[in-house]
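Participant: Here it is, the structure, as structure tokens.
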Amino acid sequence: MGSERQELMKALGARLRVLRTEAGLTGAVLANLASVGQPTVSKVENGRMVPSVDVLGRLSRALDLDESTAREVRDLLVAVEAAPNVAEAPGEDMPAESTFDEVARSARLIRSFQCVVLPAMLQSAEYARHVFDSTPNVTPEAVGRAVAARVERQSLLYEPGRESVFVLTEGVLRTWPGTPALMLAQLDRLLAVESLSTVRLGVIPWRQPVPVMPRHGFTLCDRSAVVVETFRGERILDGSAELAAYEDEFSRFEAAANFGADVRELLLQVMKDFRDLGDSTTQ
Numbered sequence: 085m086g087s088e089r090q091e092l093m094k095a096l097g098a099r100l101r102v103l104r105t106e107a108g109l110t111g112a113v114l115a116n117l118a119s120v121g122q123p124t125v126s127k128v129e130n131g132r133m134v135p136s137v138d139v140l141g142r143l144s145r146a147l148d149l150d151e152s153t154a155r156e157v158r159d160l161l162v163a164v165e166a167a168p169n170v171a172e173a174p175g176e177d178m179p180a181e182s183t184f185d186e187v188a189r190s191a192r193l194i195r196s197f198q199c200v201v202l203p204a205m206l207q208s209a210e211y212a213r214h215v216f217d218s219t220p221n222v223t224p225e226a227v228g229r230a231v232a233a234r235v236e237r238q239s240l241l242y243e244p245g246r247e248s249v250f251v252l253t254e255g256v257l258r259t260w261p262g263t264p265a266l267m268l269a270q271l272d273r274l275l276a277v278e279s280l281s282t283v284r285l286g287v288i289p290w291r292q293p294v295p296v297m298p299r300h301g302f303t304l305c306d307r308s309a310v311v312v313e314t315f316r317g318e319r320i321l322d323g324s325a326e327l328a329a330y331e332d333e334f335s336r337f338e339a340a341a342n343f344g345a346d347v348r349e350l351l352l353q354v355m356k357d358f359r360d361l362g363d364s365t366t367q
């Protein structure tokens with residue numbers, strides 16, 4: 085990120101933090117008043133996220149800013165968006181894990197739909213390594229750190245009081261990196277996770293039509309944010325209209341999925357197919 089843009093983001097965040105403090109509000113209270121996720125307030129105030137015009141408007145209204153001060157923060161946002169966004173030097177890109185970590189750790193309900201890649205919280209270390217290796221200009225050291233962070237994040241699956249619902253298309257189970265052996269270990273992990281009382285794992289089998297053509301995978305964290313993973317990191321959406329649309333789509337995919345014994349049977353069948361594939365490649 086270019087230094088000018090970064091400095092402007094910090095200036096915008098610092099100004100909003102001062103205004104929040106002057107209003108006598110905590111970050112959590114401001115987030116509630118503005119109908120945004122608390123992690124969004126934190127990231128904006130720390131200069132780590134550029135708010136959309138809509139989000140900045142809601143924060144301004146929640147802070148009850150007068151017209152002059154509201155114009156001041158809008159002008160700061162315009163300056164941020166106009167500043168050059170210079171990429172880091174080749175080889176220095178770091179797959180972004182901290183963004184999702186902040187959102188996920190504060191959520192009690194996580195719902196994830198995926199149609200290409202397994203959900204981040206279900207990936208084995210070796211599967212995740214292949215995911216991060218696809219990041220442009222990534223270094224081996226960065227991949228190692230990102231994999232470790234992703235695996236550590238998965239401890240959330242076992243915490244009492246949390247619920248995680250994952251819905252996949254069967255194509256996800258059959259889209260594989262590395263070797264058949266890698267996928268056998270990954271599928272074995274899915275079987276273990278499926279048995280947890282805090283997790284529901286559903287699969288839409290390929291023999292069944294999807295209720296709507298999926299454009300990409302996404303993860304809902306409570307009812308405060310949607311996370312979309314891209315080649316270069318993770319994008320956080322927290323507009324109320326976007327959240328409602330993604331919640332509706334998730335409900336449709338969830339209704340089309342099989343759960344329980346049907347999923348276990350399918351996982352075992354896919355594992356058999358990978359064993360057969362592995363045998364054929366070693367003959």
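For the sequence shown, the numbering used here gives the first residue as 85, with consecutive numbering after it.
Even glycine gets a Cβ: it sits at the ideal position worked out from N, Cα and C.
Which first and last residues belong to the alpha helix (DSSP H) in which Q270 is found?
Facilitator: 264-278
Participant: Between E225 and chain D, is there a C-beta pair that is closer than 8 Å?
Facilitator: As a matter of chain content, chain D is missing from the structure shown, which is built from one protein chain.
Participant: Is it the case that the Cβ atoms of V256 and V200 are separated by a distance below 8 Å?
Facilitator: yes
Participant: Taking the beta carbon of V222 as the centre, do at least 16 other beta carbons fall within 10 Å, making it buried, or is it exposed?
Facilitator: buried
Participant: Measure the alpha-carbon distance for R299 versus W260 and round it to whole angstroms.
Facilitator: 19 Å
Participant: Quick test of the definition: if touching needs 3 or more C-beta pairs under 8 Å, does the stretch 273-288 touch the stretch 329-344?
Facilitator: yes
Participant: Using a Cβ-Cβ cut-off of 7 Å (strictly less than) and excluding sequence neighbours within five positions of C305, which residues of its own chain qualify?
Facilitator: V187, A188, A191, I194, V311
Participant: Please state the DSSP three-state secondary structure of N342.
Facilitator: Correct three-state label for N342: strand.
Participant: Which one of R234, D322, A112, V251 has the shortest CA to CA distance from Q207?
Facilitator: R234
Participant: Taking 8 Å as the cut-off, does the stretch 201-220 touch the stretch 325-334 (at least 3 CB pairs, one atom from each stretch)?
Facilitator: no
Participant: Distance, Cα to Cα, S136 vs K356?
Facilitator: 47 Å
Participant: With C-beta atoms as the reference, is E313 less than 8 Å away from G323?
Facilitator: no
Participant: Kindly list the residues whose CB is nearer than 6 Å to the CB of P289, restricted to its own chain and excluding five residues on each side of it in sequence; keep chain order.
Facilitator: E254
Participant: Taking just the CA atoms, how far does G141 sit from T370?
Facilitator: Not covered by the structure: residue 370. The range shown for the chain is 85 to 367.
Participant: Going by DSSP in three states, S335 sits in which element: helix, strand or coil?
Facilitator: Looking at S335 - three-state DSSP - the assignment turns out to be helix.
Participant: What are the boundary residues of the alpha helix (DSSP H) that V139 is part of?
Facilitator: From DSSP, the alpha helix (DSSP H) with V139 extends over 137-146.
Participant: Check V311 in the structure and name its three-state DSSP category.
Facilitator: strand
Participant: Please state the DSSP three-state secondary structure of R258.
Facilitator: coil
Participant: With DSSP run on the structure shown, which of helix, strand or coil describes E88?
Facilitator: helix
Participant: Using C-beta distances below 7 Å, list every residue in its chain close to G362, excluding the 5 sequence neighbours before and after it, in chain order.
Facilitator: P264, A265
Participant: Would Y211 be called buried (16 or more neighbouring beta carbons within 10 Å of its own) or exposed?
Facilitator: buried
Participant: Here's a check: name, in chain order, each residue in its chain whose Cβ is nearer than 8 Å to the Cβ of A269, leaving out the five neighbours to either side.
Facilitator: S208, E210
Participant: Report the option in H214, V354, L285, L117 whose CA atom is closest to the CA atom of F337.
Facilitator: L285
Participant: On the premise that Q122 lies in contact with A107, defined as a C-beta separation below 8 Å, what is that separation, rounded to the nearest angstrom?
Facilitator: The pair is not a contact, with the Cβ atoms about 16 Å apart (cut-off 8 Å).
Participant: Compute the Euclidean distance between the alpha carbons of A173 and A226, then round it to the nearest angstrom.
Facilitator: Summary for A173: the model assigns pLDDT 36, below 50, so the residue's position carries little reliability; its value from the coordinates is reported in the next sentence. Their backbone Cα atoms lie some 14 Å apart in a straight line.
Participant: Output the boundary residues of the beta strand (DSSP E) element that contains V231.
Facilitator: Looking at the DSSP string, V231 is not in any beta strand (DSSP E); the run it does join, the alpha helix (DSSP H), is 224-237.
Participant: Pull up the distance between the alpha-carbon of L103 and that of N130, whole angstroms please.
Facilitator: 14 Å
Participant: Taking a contact to mean a Cβ-Cβ separation below 8 Å, would you say R99 touches L160 in this structure?
Facilitator: Between R99 and L160, the C-beta spacing is below 8 Å.
Participant: How about A287 and S248: are their beta carbons less than 8 Å apart?
Facilitator: Per the sequence shown, residue 287 should be read as Val rather than Ala. Taking 8 Å as the Cβ cut-off, V287 and S248 do not qualify as a contacting pair.
Participant: Would V134 pass as a contact of M93 if the rule is Cβ separation under 8 Å?
Facilitator: yes
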